[in-house]
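Just below is one structure, and these are the notes that go with it.
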Amino acid sequence: MPRDNNDTRVFKVVGTRPPRPDGIDKVTGRAMYGADVTAPGMLSAQILRSPHAHARIVAIDTAAAAALPGVKAIVTAADFMAQDDAGLDDILVNCMARDVVLYDGHAVAAVAATTPAIARAALKLIDVTYEALPHVTDVDAAMRPDAPVVQAGRANESVPAGMSPNVTHHCEFGHGDVDAGFAAADVIVERSFTTAATHQGYIEPHACLATFTGEDKADLWCCTQGQYNVRTVCAALMGMEASQLRVTASEIGGGFGGKTTVFIEPVALALSRKAGRPVKIVMSRDEVFRATGPTVSSSIDVRIGMTRDGRITAGEAVLRYSGGAFPCGTVDMGAQSAFAAYDMPAVRTLGWNALTNRPKEAAYRAPGAPMAIYAVESVVDELCQTLALDPLDVRLKNAARKGTLSSYGPTFDDIGLVATLEAAKAHPHYHAPLGPGQGRGLSAGFWFNFGGNTCVSLNINTDGTVGVTEGNPDIGGSRAAISQMAAEELGLPYEKIRTIVADTASLGHNDVTDGSRVTFAVGLATIKAAQDAVAKMCARAAAIWGIDPDAVEWVDGAAQPCGPNAGKFPPMSLAEIAAVSFQTGGPIAGHHEFNADGAGVSFGVHLVDVEVDRETGATKVLRYTVFQDAGKAVHPSYVEGQMQGGAVQGIGWALNEEYIYGEDGRLQNPGFLDYRIPVASDLPNIDTVILEIPNPGHPYGVRGVGETPIVPPLAALSNAVSRAIGLRLNRLPMSPPRILAALSGS
Amino acid sequence: MVAVVIWGSLRRFTDGKGRVEVEARTFKELLDRLSQDYPGLAPQITRGVSLAVDGLIYREAWFTAINPESEVVLMPYMTGG
Chain G
35 MPRDNNDTRV FKVVGTRPPR PDGIDKVTGR AMYGADVTAP GMLSAQILRS
85 PHAHARIVAI DTAAAAALPG VKAIVTAADF MAQDDAGLDD ILVNCMARDV
135 VLYDGHAVAA VAATTPAIAR AALKLIDVTY EALPHVTDVD AAMRPDAPVV
185 QAGRANESVP AGMSPNVTHH CEFGHGDVDA GFAAADVIVE RSFTTAATHQ
235 GYIEPHACLA TFTGEDKADL WCCTQGQYNV RTVCAALMGM EASQLRVTAS
285 EIGGGFGGKT TVFIEPVALA LSRKAGRPVK IVMSRDEVFR ATGPTVSSSI
335 DVRIGMTRDG RITAGEAVLR YSGGAFPCGT VDMGAQSAFA AYDMPAVRTL
385 GWNALTNRPK EAAYRAPGAP MAIYAVESVV DELCQTLALD PLDVRLKNAA
435 RKGTLSSYGP TFDDIGLVAT LEAAKAHPHY HAPLGPGQGR GLSAGFWFNF
485 GGNTCVSLNI NTDGTVGVTE GNPDIGGSRA AISQMAAEEL GLPYEKIRTI
535 VADTASLGHN DVTDGSRVTF AVGLATIKAA QDAVAKMCAR AAAIWGIDPD
585 AVEWVDGAAQ PCGPNAGKFP PMSLAEIAAV SFQTGGPIAG HHEFNADGAG
635 VSFGVHLVDV EVDRETGATK VLRYTVFQDA GKAVHPSYVE GQMQGGAVQG
685 IGWALNEEYI YGEDGRLQNP GFLDYRIPVA SDLPNIDTVI LEIPNPGHPY
735 GVRGVGETPI VPPLAALSNA VSRAIGLRLN RLPMSPPRIL AALSGS
Chain X
8 MVAVVIWGSL RRFTDGKGRV EVEARTFKEL LDRLSQDYPG LAPQITRGVS
58 LAVDGLIYRE AWFTAINPES EVVLMPYMTG G
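Protein chains in written order, with our numbering: chain G, 35 to 780; chain X, 8 to 88.
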């Protein structure tokens with residue numbers, strides 16, 4: 035997709051900060067979230083979950099539960115068909131255990147009843163006989179040859195012979211002579227790191243309502259990042275045709291990648307089909323933690339060589355990720371992105387995925403990258419300390435730029451890392467004095483971004499207003515940004531546009547809201563749909579004037595004659611053309627569908643000051659600034675929000691958040707009291723610096739921004755804490771007990 | 008002929024070569040020829056791959072034209088959150 039004139043174009047709507055269209059509904063409680071949908075005759079469902087980390091299901095006796103008055107349906111794995119596709123079957127087994135429970139919280143049965151209380155009571159009457167099996171929850175332990183086997187026979191062809199059966203995937207990337215690179219180094223630092231699994235921490239639990247209106251026709255309302263993906267998966271699992279399952283996405287109270295798959299939707303559908311009534315499931319927070327996707331947990335070794343003047347000569351990383359009890363390819367992304375910020379003569383990354391008795395991993399903003407870059411950026415920082423070099427200067431000296439052969443294969447074209455680093459270096463934050471016990475850390479970060487399948491319709495209403503229909507749930511303010519781009523292209527005020535998110539029966543397929551794709555790809559489709567509508571409106575005006583359509587141009591929201599022989603006619607506004615559309619050929623609409631490419635990679639740099647309380651081990655974040663190459667910021671407030679939100683989630687990941695498992699393999703902290711995410715009172719204002727370096731792959735220069743901001747905080751915080759206390763911690767989170775232990779030398 | 012860079016862990020299926028040459032004018036032709044010439048790559052290609060052409064990453068676009076002089080890099084299928 036060639037660039038427009040986005041270096042010089044003067045925007046009228048794009049780049050402004052109109053009020054968000056969903057804001058008032060959300061703060062007044064009018065917005066309809068997943069749990070807000072109801073239906074006549076609706077049943078409530080509850081799910082029985084495994085108390086074991088790993089156990090064989092010997093028998094399930096549901097007779098007593100079924101006999102309880104008010105119980106209308108019970109399902110177990112026996113009510114679902116195994117899938118030929120391994121990925122689909124994994125999703126199904128994760129929704130309902132088949133023969134074996136693979137983690138604490140794994141679903142084994144579900145009950146639909148007339149009230150939630152009856153459904154809960156019925157769960158207690160289901161008798162499950164388990165045979166406990168050995169379990170493993172640590173990735174390094176899982177890779178040992180004698181580790182308990184989570185699932186056998188799941189390794190793909192990439193795994194060499196002789197590995198633990200838990201190892202399912204292997205990857206390797208890089209270029210150059212690594213041994214020669216290390217031989218050229220003056221200093222080599224090699225360290226090992228671990229990061230805990232963390233949850234996306236969305237405020238809204240998963241919720242859905244399913245209703246069959248016939249044997250093979252159903253409607254499903256749910257909170258999801260992608261209703262089309264829900265339809266594809268659920269139709270397959272239910273043995274339905276996609277056209278007979280309509281999925282409507284509710285407002286969404288956060289997703290961050292965790293709502294890109296299904297957990298309860300097939301269960302609700304199966305119960306509804308069996309009961310012949312609508313069935314609603316709303317997860318508790320306990321269930322969200324125990325049974326929905328956290329990130330991978332990781333164990334990473336990094337080795338980097340550097341010359342005395344700060345030139346990196348070679349880098350190597352071995353990444354061991356666990357995506358829980360099912361095969362997972364997230365390590366691919368980590369291994370590719372680990373060294374992406376650097377121009378290196380020699381680099382090699384090896385990645386392994388191992389099964390553990392933990393919940394199935396779900397995506398979380400830039401999946402796989404934060405932990406890999408944490409490890410690399412920590413070692414780079416230690417090298418800077420060892421050689422007494424300025425950490426920003428070292429990063430600038432080694433920064434990837436146009437012409438750099440990236441660590442994952444392709445040669446970079448225009449990228450914004452150097453500009454982002456220079457902005458950080460020039461910022462007052464970098465030069466502000468620090469007090470005693472305080473430390474400053476920084477980290478670069480990277481994410482790929484992508485476009486994907488997208489379909490948009492744009493309808494010109496007869497009163498001169500416009501409706502845009504798109505198919506991606508609005509998580510970060512996309513409806514406002516889409517309306518802004520439609521307004522920009524049509525020459526209308528923003529207030530004349532309303533953008534809605536369609537159900538799966540109303541618009542062609544749209545990929546999930548992920549990959550930082552929506553403002554880029556849906557925005558691009560909206561621009562093209564608007565241009566389609568403009569061409570039709572110009573043709574209508576030409577017909578009214580009796581001139582050739584090529585002799586009409588669109589300027590400031592109106593058609594006007596152009597060229598010396600077009601004649602003299604007063605401009606016809608969009609409203610005037612729309613008002614007579616029935617008389618000039620019928621309704622006017624624009625449409626565009628495509629598979630978008632050209633998203634362009636993204637870099638960010640985070641700068642943070644912390645103070646560590648040596649008595650309690652608590653870390654206070656004093657100041658935080660995010661610098662990001664964000665492309666053209668369509669709605670700068672939303673861009674800033676993405677940058678701030680990513681930073682805050684990364685702060686939580688670095689300082690407090692972790693899945694804690696007991697010796698019994700059970701999750702110890704499935705709730706926000708014990709799994710502590712940062713709250714407003716923990717944080718300073720997160721300052722942002724948007725670098726609007728246009729993306730050549732978008733006519734307005736738009737670039738995805740949603741994922742990159744969660745990549746640098748882990749290392750930025752670790753580097754800041756290390757400098758504050760004079761000790762380097764190689765394990766996340768850096769919770770107060772761990773900092774105290776480090777300070778006491780234990 | 009198009010020279011395709013193969014990532015490290017796939018090289019055991021390309022006789023150790025990090026760069027292979029195939030006759031292809033599009034993304035689809037390239038995938039078909041790779042699967043045909045190096046059957047060991049087929050499972051990964053079936054699971055999904057991305058393709059970087061002159062630095063631009065494509066996830067699926069079969070008919071993306073590839074010039075013989077283009078830099079072509081096979082990559083895992085991109086996923087995001």
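No residue lacks a Cβ here, since even glycine has one placed at the ideal position from N, Cα and C.
It should be emphasised that the depicted structure is a prediction, and the values quoted were computed from it without experimental measurement.
- prompt: Got a sec: which bits of the segment 190 to 213 of chain G sit with their beta carbon under 7 angstroms from any beta carbon on chain X, in order along the chain?
  reply: 190, 191, 192, 204, 205, 206, 207 and 208
Quick check on residue 669 of chain G: buried or exposed, where buried means 16 or more other Cβ atoms within 10 Å of its Cβ?
buried
Q | Option in G:62, G:57, G:746 and G:45 with minimal Cα separation from residue 410 of chain G | A | G:746
What residues in the segment 614 to 643 of chain G bring their beta carbon closer than 7 angstroms to a beta carbon of chain X? 629, 631 and 632
Self-check item: Chain-ordered neighbours of residue 232 of chain G on chain X, where CB pairs are closer than 8 angstroms
Solution: By Cβ distance, chain X contributes nothing, its closest Cβ being about 12 angstroms from residue 232 of chain G, past 8 angstroms.
* Name the one or two DSSP bridge partners that residue 625 of chain G has. => G:491
### Message
Taking contact to mean 3 or more Cβ pairs, one atom from each stretch, closer than 8 angstroms, check whether the segment 278 to 290 of chain G and the segment 555 to 565 of chain G are in contact.
### Response
no
Notebook entry, point to check: Looking at chain G, which residues of the segment 55 to 87 of chain X have a Cβ within less than 7 angstroms of any of its Cβ atoms?
Noted result: 59, 62, 63, 64, 65, 66, 67, 68, 78, 80, 82, 83, 85, 86 and 87
**Asked** Counting contacts by CB-CB distance shorter than 8 angstroms, is residue 392 of chain G in contact with chain X?
**Response** no
**Report entry** Alpha carbon of residue 123 of chain G to alpha carbon of residue 114 of chain G, nearest angstrom
**Finding:** 10 angstroms
Comparing C-alpha positions only, which one of G:171, G:203, G:104 and G:186 sits nearest to residue 154 of chain G?
G:104
Checklist line | For residue 654 of chain G, the residue or residues it bridges with in DSSP | finding: G:645
>> Please state whether the Cβ-Cβ distance between residue 498 of chain G and residue 530 of chain G is less than 8 angstroms.
In response: yes
Of the choices G:193, G:460 and G:507, whose alpha-carbon is the least far from that of residue 361 of chain G?
G:193
- Task: Kindly list, in the order they appear in chain X, the residues whose Cβ is closer than 7 angstroms to that of residue 399 of chain G.
- Result: 88
Quick one: any contact between the segment 40 to 55 of chain G and the segment 521 to 539 of chain G, if contact means 3 or more CB pairs under 8 angstroms?
yes
I believe residue 380 of chain G touches residue 725 of chain G by the beta-carbon criterion, under 8 angstroms. Please report the beta-carbon distance rounded to the nearest angstrom. Between residue 725 of chain G and residue 380 of chain G the Cβ distance is about 30 angstroms, and since that is not below 8 angstroms, they are no contact.
Practice prompt. For residue 46 of chain X, return the contacting residues in chain G, with the cut-off set at a CB-CB distance below 9 angstroms.
Written response: Chain G residues near residue 46 of chain X: none, gap ~11 angstroms exceeds 9 angstroms.
Please look up how many angstroms separate the CB atoms of residue 480 of chain G and residue 742 of chain G, rounded, as I've assumed it's under 8 angstroms.
7 angstroms
- Query: From residue 333 of chain G to residue 355 of chain G, what does the alpha carbon distance come to, in whole angstroms?
  - Reply: 7 angstroms
Going by Cα to Cα distance, which pick from G:461, G:417, G:170 and G:365 is closest to residue 220 of chain G?
G:417
| request: Go to residue 788 of chain G, then tell me how far its alpha helix (DSSP H) extends in each direction, as first and last residue. | output: Outside the shown range of chain G, which is 35 to 780, sits residue 788 of chain G, and nothing can be said about it.
### Under the three-state DSSP convention, the category residue 117 of chain G falls into
coil
Item to complete: May I have the straight-line CA-CA distance separating residue 676 of chain G from residue 717 of chain G, to the nearest angstrom?
Response: 16 angstroms
Determine whether the Cβ of residue 367 of chain G lies closer than 8 angstroms to any Cβ atom of chain X. yes
Original post:
According to DSSP, what are the bridge partners of residue 89 of chain X?
Top reply: It is not possible to answer for residue 89 of chain X, since the shown part of chain X is limited to 8 through 88.
Beta strand (DSSP E) runs wholly inside the segment 107 to 176 of chain G, at least 3 long, in chain order = 141 to 147 and 161 to 166
Note down, in chain order, every chain X residue with its Cβ under 9 angstroms from the Cβ of residue 290 of chain G. 88
| Which term fits residue 601 of chain G, buried or exposed, when burial requires 16 or more other beta carbons within 10 angstroms of its beta carbon? | exposed
**Asked** Are there three or more Cβ pairs, one per stretch, closer than 8 angstroms when the segment 206 to 220 of chain G is compared with the segment 266 to 286 of chain G?
**Response** no
*asked:* Using the three-state DSSP reduction, which class does residue 762 of chain G fall into: helix, strand or coil?
replied: coil
ask   = Any C-beta of chain G sitting closer than 8 angstroms to the C-beta of residue 9 of chain X?
value = no
Proximal residues of chain G, C-beta to C-beta of residue 12 of chain X below 7 angstroms: 443
Does the Cβ of residue 533 of chain G have 16 or more other Cβ atoms within 10 Å, making it buried, or fewer, making it exposed? buried
Unbroken beta strand (DSSP E) runs of length 3 or more, entirely within the segment 286 to 334 of chain G: which are they?
313 to 316
Can you look up residue 348 of chain G in the DSSP assignment and give me helix, strand or coil? strand
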